[in-house]
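Below is one structure, written out as structure tokens; comments come after it.
2 protein chains.
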Amino acid sequence: MSADSSASARFADRRDLAAQDVLGLIRIALDAPDLGSGVTPTLHNLVSNTAAVGAAYFQVQPLTQRRGPQPLIYQVRAAFGEMPDTPGMQAIAAHGLPADTPLMRALASRHAPMFFDDVSHAPESAGFQELGVASLAAAAVTGSGGELLGAFLMHTFECHHWTDDEVRLFSGVVGTIAALTGRLAAEEQAQAAREAALRALGLALEVRDGETQGHTDRVTDMALRLAQHLGVGPAPLQALKWGAYLHDIGKLAIADRVLHKPGKLDAEEWGLMQSHVTFGQSFSSALGFLPPEALAVVSQHHERWNGQGYPARLRGEEIHPLARIFALCDVYDALISVRPYKQPWSHAEACAEIAAQSGEHFDPWVVEAFLTLMPPSQAHAGAVG
Amino acid sequence: MSADSSASARFADRRDLAAQDVLGLIRIALDAPDLGSGVTPTLHNLVSNTAAVGAAYFQVQPLTQRRGPQPLIYQVRAAFGEMPDTPGMQAIAAHGLPADTPLMRALASRHAPMFFDDVSHAPESAGFQELGVASLAAAAVTGSGGELLGAFLMHTFECHHWTDDEVRLFSGVVGTIAALTGRLAAEEQAQAAREAALRALGLALEVRDGETQGHTDRVTDMALRLAQHLGVGPAPLQALKWGAYLHDIGKLAIADRVLHKPGKLDAEEWGLMQSHVTFGQSFSSALGFLPPEALAVVSQHHERWNGQGYPARLRGEEIHPLARIFALCDVYDALISVRPYKQPWSHAEACAEIAAQSGEHFDPWVVEAFLTLMPPSQAHAGAVG
């Protein structure tokens, strides 16, 4: 009776200790800036408390890297301890594990953790012996639809019989962390999907207007570089990116006869063309989730430092700083691009025009930063279209 | 010495017990189908272990419900225990807490939990006495940018001095749960934003083509209703919704002279018009995150059951079931809408045409379901545009 209760107390202790540990690992994963660094302490915990010499977390490749009908790849997001020094393992470290490997297929269909004392004896762990792994434990990270978002793996170099304690530890620790990781990975995926949809909205216009092919991506990249150079922080940078994607979305509302007119626009046509800014603003507002800074980029990207822009004839610092940064990049990209009515300007010619417009079209502070970042004497790859 | 170690052991016990508790609450929140039901056990735990008679979780209103420049509202997502029976509290239960109330403003700027023994004595808890609350504890749920996504509140009806234990419990339990809730709420928000961006992609076309105003939303709603009636599950329903949003996105690439031609299209123009399907498919694929079922809706919505559709002349069950469902709704909406060349048909006339096309244009199984769901004899609100 006394022995019983002491054993049960010891068991409770171990269980409580594990709870404390897991809670600590959860807090780290929740507070980490990214999922990879967030789960590293979990991998450390596994290697410290089991016979495993190394552990890794694999996650399905980001949406932005997926290419058509090829099988999905699970990439290493975090690793701790020793990895086998084989060409196969180096390839996996560099390129990831394809979704059609037997282990990933097994994880996708079975949600309980799997333990292999000898990887050469089970069809699910086929291929791992060749990688230099002897024993393996694996747990799935799944999304709300049951899809396989990632996996936790730990391994030994010599054959090892996974003990009950190790099975309990791996199942317990990884069980909760995997559930959490699944949700955090879903958040990453949803954010990437929002990003892709916003970029697609911007690109939708280029479909109609062959001339501006690549303009959205080029001008977005340049505006982000210039803003970073000017010390803009992460949240406004994000807003700038969204605003840049959507800056010309209002041109979707402009008829072909105006948008594609080869000659000079008359007054009525010019008024219609200018309306793309106010239309773009109302369209972007209707999205419902863009921060005010992103909307400012859309609504103010044709304002000028000297008050001669449109639609509101804002002047100087009345114009949002992000819109001032973006306006310069937008004009630069137009200058170096070919148009039916003009040849592309050289980088040096475009810089000279931008310098001449300092204090007129553009904010002098932004002009100075631009000319420091991309000096006129330096060669730059011009725009293609 | 012995007293010391026993006190420390008791403290460790309590801490471990709390860790077990919090871990259990975390697992519930992670596994729950929605955040509201996921945090209810946490509220239960607070009311059971403190003097609080009631507790609630408020979350910022979904993106889809936000309207322009009005202040954000924090809506009740979960509540447990007793709430004051006052008109003010009933208004909050129904409409939420505006972001500009003193308490929400204080939570947005201070991230540590706040405790009010007497709400009438602190400016931050102004207004709560009128609601029938005497003592209050509040904790913020923040997003990665520090923005206030929600709040946990617990209250008493009589003035109560919050004890050290209660402060520790609320801070400890709510601390971790709030961090988790913040991430899960961010996932919800990111998903809503992706949804909004996809819908906006669909609506972008309507901007150019005044005729089809409202078509995207109407046809999406009807396709979802018909699919639900046919027993389609949640994941394919989601795919159908995305495909419906994007079905005509390829028309962005069609020139005005074809898209807006009032008369009959010649062979070359008709070829261009048909190309909107293949273009829409490549555009939708480029988004990178749409499931194959959504792409099937886009690429097959002009195929016909009898093999006379385009672009692939698929026949019968070669056409994806979601595309068969969608095609019928798309045609129905065109029939009941006004066009420059035709008056809107009545619901009964449209039903007669659809019935006549059973086994020709449409899958007989889908036609039957449609006529059951929307019988010809029943009046339906026609399309406006």
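Chains as they are written, first to last, in the numbering used here: chain W, 3 to 387; chain S, 3 to 387.
Idealized CB from N, CA, C, for every residue including glycine.
Flag this pair as yes or no: are the beta carbons of residue 168 of chain S and residue 44 of chain S separated by less than 7 Å? Here residue 168 of chain S refers to the residue found at position 166 when the second sequence is read from its first residue. Here residue 44 of chain S refers to the residue found at position 42 when the second sequence is read from its first residue. Against a cut-off of 7 Å, the Cβ pair of residue 44 of chain S and residue 168 of chain S comes out as no contact.
With 8 Å as the limit, tell me which residues of the stretch 269 to 286 of chain W have their beta carbon closer than that to any beta carbon of chain S; keep them in chain order. Shown in chain order are the members of the stretch 269 to 286 of chain W whose Cβ falls below 8 Å from a Cβ of chain S: 281, 285.
Is there a Cβ of chain W sitting closer than 7 Å to that of residue 149 of chain S, yes or no? For the purposes of this step, residue 149 of chain S is identified with residue 147 of the second sequence, where counting begins at 1. Residue 149 of chain S does not count as touching chain W.
Any C-beta of chain W sitting closer than 7 Å to the C-beta of residue 38 of chain S? Position 36 of the second sequence holds residue 38 of chain S. By this cut-off, residue 38 of chain S is not an interface position.
Between residue 161 of chain W and residue 102 of chain W, which are expected to be in contact by the criterion C-beta below 8 Å, what is the C-beta distance as a whole number of angstroms? Residue numbering aside, residue 161 of chain W sits at position 159 when the first sequence is read from its first letter. Residue numbering aside, residue 102 of chain W sits at position 100 when the first sequence is read from its first letter. Wrong, their Cβ atoms sit about 27 Å apart, outside the cutoff.
State the Cα-Cα distance for the pair residue 114 of chain S and residue 47 of chain W, rounded to the nearest angstrom. Reading the second sequence from its first residue, position 112 is the one you call residue 114 of chain S. Reading the first sequence from its first residue, position 45 is the one you call residue 47 of chain W. Computed Cα separation, rounded: 30 Å.
For residue 24 of chain S versus residue 175 of chain S, is the C-beta spacing smaller than 7 Å? The sequence position of residue 24 of chain S within the second sequence is 22, counting from 1. The sequence position of residue 175 of chain S within the second sequence is 173, counting from 1. Result yes, Cβ atoms of residue 24 of chain S and residue 175 of chain S sit closer than 7 Å.
Proximal residues to residue 368 of chain W (C-beta, below 7 Å), its chain only, five neighbours per side dropped: Here the question's residue 368 of chain W lines up with position 366 in the first sequence. 326, 327, 330, listed in sequence order.
Range of the contiguous beta strand (DSSP E) that encloses residue 79 of chain S: Numbered from 1 along the second sequence, position 77 holds the residue referred to as residue 79 of chain S. Here the beta strand (DSSP E) through residue 79 of chain S covers 75 to 83.
Rounded to a whole number of angstroms, what is the C-alpha to C-alpha distance between residue 241 of chain W and residue 136 of chain W? Counting from one through the first sequence, the residue named residue 241 of chain W turns up at place 239. Counting from one through the first sequence, the residue named residue 136 of chain W turns up at place 134. About 49 Å.
Buried versus exposed call for residue 39 of chain S [16 or more other C-beta atoms within 10 Å across all chains shown]: Numbered from 1 along the second sequence, position 37 holds the residue referred to as residue 39 of chain S. By the 10 Å Cβ count, residue 39 of chain S comes out exposed.
Residue 20 of chain S, buried or exposed, once every other Cβ within 10 Å from all chains shown has been counted against 16: Taking the first residue of the second sequence as 1, we reach residue 20 of chain S at position 18. Answer is buried; the Cβ neighbour count reaches 16.
Could you name the residues of the same chain whose beta carbon sits closer than 6 Å to that of residue 286 of chain W, not counting the 5 residues immediately before and after it, in chain order? Walking along the first sequence from the start, residue 286 of chain W turns up at place 284. 248, 292, 297, 300.
Take the Cβ of residue 123 of chain W as the centre, count every other Cβ of all protein chains shown within 10 Å, and call the residue buried at 16 or more, exposed below. The count along the first sequence starts at 1 and reaches residue 123 of chain W at position 121. Exposed, by the Cβ-count rule.
Is the beta carbon of residue 138 of chain W less than 7 Å from the beta carbon of residue 118 of chain W? Looking up residue 138 of chain W in the first sequence gives position 136. Looking up residue 118 of chain W in the first sequence gives position 116. Yes. Within cutoff.
Taking 7 Å as the threshold (C-beta atoms), are residue 132 of chain S and residue 83 of chain S in contact? Walking along the second sequence from the start, residue 83 of chain S turns up at place 81. Walking along the second sequence from the start, residue 132 of chain S turns up at place 130. The answer is no: Cβ separation not under 7 Å.
Please confirm whether residue 126 of chain W and residue 142 of chain W have their CB atoms less than 7 Å apart. Reading the first sequence from its first residue, position 124 is the one you call residue 126 of chain W. Reading the first sequence from its first residue, position 140 is the one you call residue 142 of chain W. No, the pair does not count as a contact, with Cβ atoms beyond the cut-off.
Distance between residue 255 of chain W and residue 336 of chain S (C-alpha atoms, nearest Å): On the second sequence, position 334 is the one that residue 336 of chain S refers to. On the first sequence, position 253 is the one that residue 255 of chain W refers to. Roughly 22 Å between the two C-alpha positions.
Looking at chain S, which residues of the stretch 287 to 299 of chain W have a Cβ within less than 8 Å of any of its Cβ atoms? Interface annotation for the stretch 287 to 299 of chain W against chain S: 287, 288, 289, 290, 291, criterion Cβ-Cβ distance under 8 Å.
Spatial neighbours of residue 371 of chain S in its chain, beta-carbon cut-off 7 Å, leaving aside the 5 residues before and after: Taking the second sequence and counting its residues from 1, the one referred to as residue 371 of chain S is at position 369. Here the set comprises 228, 231, 232.
How many angstroms separate the CA atom of residue 274 of chain W from the CA atom of residue 280 of chain W? Counting from 1 along the first sequence, the entry for residue 274 of chain W is found at position 272. Counting from 1 along the first sequence, the entry for residue 280 of chain W is found at position 278. C-alpha separation (whole angstroms): 11 Å.
Can you list, in chain order, the residues of its chain whose CB lies under 7 Å from that of residue 225 of chain W, leaving out five sequence neighbours each side? Here residue 225 of chain W is taken as the residue at index 223 of the first sequence, counted from 1. Within the same chain, 242, 246, 327, 328, 331 come within 7 Å of residue 225 of chain W by CB-CB distance, once the 5 residues on both sides are set aside.
Below 8 Å, how does it come out for the stretch 336 to 354 of chain S and the stretch 199 to 212 of chain S: are there three or more Cβ pairs, yes or no? no
Interface residues of the stretch 90 to 113 of chain W facing chain S [CB-CB below 9 Å]: none
Is residue 226 of chain W close to chain S? Criterion is C-beta to C-beta, closer than 7 Å. Counted from its first residue, the first sequence places residue 226 of chain W at position 224. No, its Cβ sits nowhere closer than 7 Å to a Cβ of chain S.
Quick one: complete alpha helix (DSSP H) runs, 4+ long, within the stretch 191 to 242 of chain S? 217 to 231
The beta strand (DSSP E) enclosing residue 364 of chain W, as first and last residue numbers: Your numbering for residue 364 of chain W matches position 362 in the first sequence. Residue 364 of chain W -> no beta strand (DSSP E), and no H or E assigned at all.
Determine which residues share a DSSP beta bridge with residue 157 of chain W and list them. As a working mapping, residue 157 of chain W is identified with position 155 in the first sequence. Its beta-bridge partners are W/56, W/138.
Tell me the start and end of each unbroken beta strand (DSSP E) in the stretch 282 to 363 of chain W that is at least 3 residues and wholly inside, in chain order. DSSP runs (the beta strand (DSSP E)) wholly in the stretch 282 to 363 of chain W: none.
Name, please, each residue of chain W whose Cβ falls closer than 8 Å to the Cβ of residue 209 of chain S. In the second sequence, residue 209 of chain S corresponds to position 207, counting from 1. Residues of chain W passing the Cβ test: 254, 255, 281, 285.
Reducing DSSP to helix, strand and coil, say where residue 92 of chain W ends up. In the first sequence, counting from the first residue as 1, residue 92 of chain W sits at position 90. Correct three-state label for residue 92 of chain W: helix.
State yes or no: is the C-beta of residue 305 of chain S within less than 7 Å of the C-beta of residue 324 of chain S? For this step, residue 305 of chain S is matched to residue 303 along the second sequence. For this step, residue 324 of chain S is matched to residue 322 along the second sequence. No, the Cβ-Cβ distance between residue 305 of chain S and residue 324 of chain S is not below 7 Å.
Residue 178 of chain S versus chain W: which residues are under 9 Å apart at the beta carbon? Here residue 178 of chain S corresponds to residue number 176 of the second sequence, with the count starting at 1. Neighbours of residue 178 of chain S on chain W, chain order: 25, 28, 29, 32.
Drop a sphere of 10 angstroms on the beta-carbon of residue 310 of chain S, count the other beta-carbons inside from all chains shown, and report buried for 16 or more, exposed for fewer. Here residue 310 of chain S refers to the residue found at position 308 of the second sequence. With fewer than 16 other Cβ atoms inside 10 Å of its own Cβ, residue 310 of chain S counts as exposed.
Answer with buried or exposed for residue 166 of chain W, where buried requires no fewer than 16 other C-beta atoms within 10 angstroms of its C-beta. The residue labelled residue 166 of chain W in the question sits at position 164 within the first sequence. Exposed, since its Cβ has fewer than 16 Cβ neighbours within 10 Å.
Contact under 7 Å by Cβ, residue 258 of chain W with residue 258 of chain S: Translated into the one-based positions of the first sequence, residue 258 of chain W becomes position 256. Translated into the one-based positions of the second sequence, residue 258 of chain S becomes position 256. Yes, these two residues count as a Cβ contact at 7 Å.
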